[in-house]
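Visitor:
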Amino acid sequence: MFDFLNVTETAALASFAWVGSGNKMEADRAATESMRTLLNQIPMSGTVVIGEGEIDEAPMLYIGERVGNGSGPEIDLAVDPIDGTTPTINGQNDAIAVIAATPKGALLNAPDMYMEKIATGPRAKGIIDINQSLEDNLYAVAEASGKQVNELTVIIQGRERHQGMIDSIRSLGGKVLLFEEGDVIPAISTCVEHLNIDMFIGIGGAPEGVLAAVGIKSLGGDMQARLLPRTKEEYERCKKMGLSDPEQALILNDLVNADDCLFIATGITNNMLIRGIRQDKNKFITHSLLINGRDKKMRYTETEHFFTRKAALTV
Numbered sequence: 001m002f003d004f005l006n007v008t009e010t011a012a013l014a015s016f017a018w019v020g021s022g023n024k025m026e027a028d029r030a031a032t033e034s035m036r037t038l039l040n041q042i043p044m045s046g047t048v049v050i051g052e053g054e055i056d057e058a059p060m061l062y063i064g065e066r067v068g069n070g071s072g073p074e075i076d077l078a079v080d081p082i083d084g085t086t087p088t089i090n091g092q093n094d095a096i097a098v099i100a101a102t103p104k105g106a107l108l109n110a111p112d113m114y115m116e117k118i119a120t121g122p123r124a125k126g127i128i129d130i131n132q133s134l135e136d137n138l139y140a141v142a143e144a145s146g147k148q149v150n151e152l153t154v155i156i157q158g159r160e161r162h163q164g165m166i167d168s169i170r171s172l173g174g175k176v177l178l179f180e181e182g183d184v185i186p187a188i189s190t191c192v193e194h195l196n197i198d199m200f201i202g203i204g205g206a207p208e209g210v211l212a213a214v215g216i217k218s219l220g221g222d223m224q225a226r227l228l229p230r231t232k233e234e235y236e237r238c239k240k241m242g243l244s245d246p247e248q249a250l251i252l253n254d255l256v257n258a259d260d261c262l263f264i265a266t267g268i269t270n271n272m273l274i275r276g277i278r279q280d281k282n283k284f285i286t287h288s289l290l291i292n293g294r295d296k297k298m299r300y301t302e303t304e305h306f307f308t309r310k311a312a313l314t315v
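As structure tokens, this is what we get:
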């Protein structure tokens, strides 16, 4: 666990120099190179099974990349060195460095593409159905939660593609919480009771969906998804990666099929669950969220990193 925590902390620190810089390419490069370097020091035979796409000239940990020093267990990884690059470079909230790990074969192996997603917390586990209408899901979640539909709170990304869903929720009296970037933490927020968020729904990236699914499964919640290939090429890529029906509904066990799973995120900037990096004289303070599927616990850790400023920003 602490090896992977070191990975997300160091990636977050590496990106910190680019907060507010407007330079997306350099922020991605710094976080990705840091994450790759640290992953390759871990005693494992790791494979990135879902990430930012097949190898190209952009800075990324690509799908199929082998990481680790090759001496340990076979591990599948979902990674996002920066979930929320835009808020990072604009100095806004909701940026994290995040990784999920399972034994080999337990994570969905899929291309980097859009994914339709719906998630809820433990009280409505087994109730949601991505093949049903939004209204049907809202009524089902309300009944399972002992609420009326007008007492529900749904979190959704503020995008034009979601406006119809936003209008439908509000027309039924439900409350909508909008976020701008990075849907991993918002999806997991449905499993954190004190936040009082009943459902997450929307269309976003597939890597972020799998990352969120690991946290949700570990906390006893539920999630379903569907890949949304937009071209024939994307459809064929899905089939080549073993998805015989790329547009099938995916239940939680299709996304992550192991209780022995680990989710770790370190804040770059603040979000609803973890704080961003703080600087205090010669130290940087990181705040991270650790969720372990074996014990169904959510842990927070704060780490003080003692560096000169120059050293910290070149990790």
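Note that the sequence shown covers residues 1 to 315 in full-length UniProt numbering.
Glycine is no exception: its CB is placed at the ideal position from the N, C-alpha and C atoms.
1. P183: which of V48, H305 and A265 sits nearest, CA to CA?
2. Can you give me the start and stop residues for the alpha helix (DSSP H) that R278 sits inside?
3. With a threshold of 7 Å on Cβ separation, who are the neighbours of M44 within its own chain once the five nearest residues in sequence on each side are excluded?
4. Just mark R269 as buried or exposed, buried being the case when its beta carbon has 16 or more other beta carbons within 10 Å.
5. Cutting at 6 Å between CB atoms, please list the residues of its own chain near G215, excluding the five before and the five after it.
6. Under 8 Å Cβ to Cβ from P103, same chain only, skipping five residues before and after it: list those, please.
7. Confirm, please, whether the CB-CB distance from A249 to R278 is below 9 Å.
8. What residues are listed by DSSP as bridge partners for I96?
9. Between E151, S218 and D198, which has its C-alpha nearest A124's C-alpha?
10. Classify K117 as buried or exposed, calling it buried when 16 or more other Cβ atoms lie within 10 Å of its own Cβ.
11. Could you tell me the alpha carbon to alpha carbon distance between T190 and A95, rounded to whole angstroms?
12. Roughly how many whole angstroms lie between the Cα atoms of P207 and H287?
13. Locate the beta strand (DSSP E) running through N292, then write down its first and last residues.
14. In terms of alpha-carbon separation, which member of K24, N137, L108 and G70 lies closest to T86?
15. Going by the DSSP bridge assignment, what does H162 pair with across the sheet?
16. What's the gap between the Cα of T32 and the Cα of M60?
17. Whose C-alpha, out of L289, G267 and I251, is nearest the C-alpha of residue 359?
18. If you run the structure through DSSP and keep just helix, strand and coil, what is R230?
19. Go through the segment 177-221 residue by residue and report every complete run of the beta strand (DSSP E) that reaches 3 residues or more, in order.
20. Quick check: what's the CA-CA separation for T301 versus T231?
21. In this structure, does DSSP put I89 in helix, strand or coil?
22. How close, in whole Å, do the beta carbons of V256 and K297 come, if the pair is a contact with beta carbons under 8 Å?
23. Whole angstroms are fine: how far does the CA of A14 sit from the CA of D20?
24. At which residues does the alpha helix (DSSP H) containing K24 begin and terminate?
25. In or out: R66 buried (at least 16 other Cβ within 10 Å) or exposed?
Guide: The short version:
1. As a position in the sequence shown, residue 183 is number 183, starting the count at 1. Reading the sequence as shown, one finds Asp at residue 183 and not Pro. Checked all of V48, H305 and A265; the closest Cα to D183 is A265.
2. What you label residue 278 is simply residue 278 of the sequence shown in a count that begins at 1. Looking at the DSSP string, R278 is not in any alpha helix (DSSP H); the run it does join, the beta strand (DSSP E), is R278 to D280.
3. The count along the sequence shown starts at 1 and reaches residue 44 at position 44. Excluding positions up to five away in sequence, the list reads G68, G72, P73 and I75.
4. Within the sequence shown, numbered from 1, the residue matching residue 269 stands at position 269. With the sequence shown as reference, residue 269 is identified as Thr, and Arg is not the correct amino acid for it. A residue is called buried when at least 16 other Cβ atoms come within 10 angstroms of its Cβ; T269 meets this threshold and is buried.
5. Mapped onto the sequence shown, residue 215 falls at position 215. Once the five neighbours on either side are set aside, the close Cβ partners of G215 are I188, F263 and I291.
6. Indexing the sequence shown from 1 puts residue 103 at position 103. Excluding positions up to five away in sequence, the list reads P73, E74, I75, D76, A258 and D260.
7. Looking up residue 278 in the sequence shown gives position 278. Looking up residue 249 in the sequence shown gives position 249. Against a cut-off of 9 Å, the Cβ pair of A249 and R278 comes out as no contact.
8. Taking the first residue of the sequence shown as 1, we reach residue 96 at position 96. In the DSSP output, where bridge partners are listed per residue, I96 has D83 and G267.
9. Here the question's residue 124 lines up with position 124 in the sequence shown. It is D198.
10. What you label residue 117 is simply residue 117 of the sequence shown in a count that begins at 1. Answer is buried; the Cβ neighbour count reaches 16.
11. In the sequence shown, the residue the question calls residue 190 occupies position 190. In the sequence shown, the residue the question calls residue 95 occupies position 95. The alpha-carbon atoms of T190 and A95 are separated by roughly 18 Å.
12. Within the sequence shown, numbered from 1, the residue matching residue 207 stands at position 207. Within the sequence shown, numbered from 1, the residue matching residue 287 stands at position 287. Taking the straight line joining both Cα atoms gives about 22 Å.
13. Translated into the one-based positions of the sequence shown, residue 292 becomes position 292. N292 -> beta strand (DSSP E) spans K283 to N292.
14. For this step, residue 86 is matched to residue 86 along the sequence shown. Per the Cα distances, K24.
15. Within the sequence shown, the letter at position 162 stands for residue 162. Answer by DSSP bridge pairing: none, since H162 is not bridged.
16. Counting from one through the sequence shown, the residue named residue 32 turns up at place 32. Counting from one through the sequence shown, the residue named residue 60 turns up at place 60. Each residue's alpha carbon lies about 6 Å from the other.
17. This structure cannot speak to residue 359, because the chain is shown only from 1 to 315.
18. The residue you call residue 230 lines up with position 230 of the sequence shown. It is coil, neither helix nor strand.
19. If only uninterrupted beta strand (DSSP E) runs of at least 3 residues are considered, those enclosed by the segment 177-221 are 199-205.
20. Here residue 301 is taken as the residue at index 301 of the sequence shown, counted from 1. Here residue 231 is taken as the residue at index 231 of the sequence shown, counted from 1. Taking the straight line from one Cα to the other gives about 42 Å.
21. Position 89 of the sequence shown, counted from the first residue, corresponds to residue 89. Three-state result, I89: helix.
22. As a first step, residue 256 is located in the sequence shown; it is residue number 256 there, counting from the start. As a first step, residue 297 is located in the sequence shown; it is residue number 297 there, counting from the start. Rounded, the Cβ-Cβ distance is 17 Å, inconsistent with contact.
23. To locate residue 20, count along the sequence shown from 1; it is residue 20. To locate residue 14, count along the sequence shown from 1; it is residue 14. First, the amino acid is wrong: residue 20 is Gly here, not Asp. Rounded to the nearest angstrom, the two C-alpha atoms are 14 Å apart.
24. Numbered from its first residue, the sequence shown carries residue 24 at position 24. Per DSSP, K24 belongs to the alpha helix (DSSP H) from K24 to L39.
25. Along the sequence shown, one-based indexing puts residue 66 at 66. Exposed: under 16 other Cβ atoms inside 10 Å.
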